Every structure is written in structure tokens, then in C-alpha cells.
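In mature numbering (1 follows the signal peptide of the UniProt record, and there is no 0), the protein residues as written are -23 to -1, 1 to 102.
To start, the structure itself, in C-alpha cells.
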Amino acid sequence: MRIQSSLMASLVASLLISAPVLAAETAPPAQAPAGECHGSKDGKKHHGRWGHKGRHLDRAVQEGRLTQAQADAFKAERRQLREEMKAQRQASGGQLSDAQKEQFKQRRQALKQKVKAALGEPTGA
């Protein structure tokens, strides 16, 4: 009887100790912070053509080539441009006209030139 009760006590103790460990292993992955892109299956983030510019600007701030205020302003302008494109696309039934596409292309290029000028990079022709 004593052996059986001591075995039960050790079994219960081992379950109590291992339960948090098992729960931690099966916990769902943490959500990405707001504004971050979703990761792919291989763990790499896919940001697209303009998505990596945020990291580029952050690195320039760390290196002292830009102030945080300048980087935030460029990011806000890029975000505003993207939101305007999205709104116009929704308003026109999912497609932008050629004139609208050209206008947004010119605005993106102007923003790119402003960023390059602020970073002191040579602007290509």
C-alpha cells in the first residue's frame, strides 16, 4: 500500500512539474507587431519593393545618416501614398486607370529621390 501511494505521489509530482513545460512547447507562435509583414513558411519576411525601405531608413538612423524624425516623416509619406492608392483602387472598382498609375509612379519616384537626397546617395538618371 505504501509503495502504491508513493508511486502515485511521484506520478502526480512529475505531471505537475512537466505540465508547464509541455504547455510551453505547444503554445501558438507570437503574433507579429502591428505594421509588420507576415512571415513566410521559411521564416523570412516578404516586404516587397517598398517594404524593405523601412529597414533601410532604420539602419540609416542607427548609422547617424538620418534623424529619427526624418525617417518617420519618410515612412509616413510612404504609408499615406500607399493608403491613397488603395482608396483610389477601391473607389474605381479594383483597377487604376493608366493616368492614375502614372501619377502614383511619379510620386513614388519623387519620394525615392527625396530619401536618396537625405541620405546623401547619388541619384541615378
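For glycine and all other residues, C-beta sits at the position ideal for the given N, C-alpha and C.
Keep in mind it's a predicted model, so treat the numbers as computed, not measured.
With 16 as the cutoff for other CB atoms within 10 Å, does residue i come out buried or exposed?
i, result
"A64", "exposed"
"R55", "buried"
Is residue i helix, strand or coil when you go by DSSP?
i, result
"Q77", "helix"
"E61", "helix"
"H33", "helix"
"M(-16)", "helix"
"L43", "coil"
"E54", "helix"
"E13", "Bear in mind that a pLDDT of 46 at E13, under 50, signals an unreliable position, so the model cannot answer this."
"Q86", "helix"
Would residue i pass as a contact of residue j if the rule is Cβ separation under 8 Å?
i, j, result
"R32", "L58", "no"
Which whole-angstrom value describes the C-beta separation of residue i and residue j, a residue pair presumed to lie in contact below a C-beta threshold of 8 Å?
i, j, result
"D35", "A48", "7 Å"
"L88", "L43", "14 Å between Cβ atoms; not a contact."
Query raised in the report: Taking contact to mean at least 3 C-beta pairs separated by less than 8 Å, is the stretch 34 to 46 in contact with the stretch 70 to 79?
Result: no
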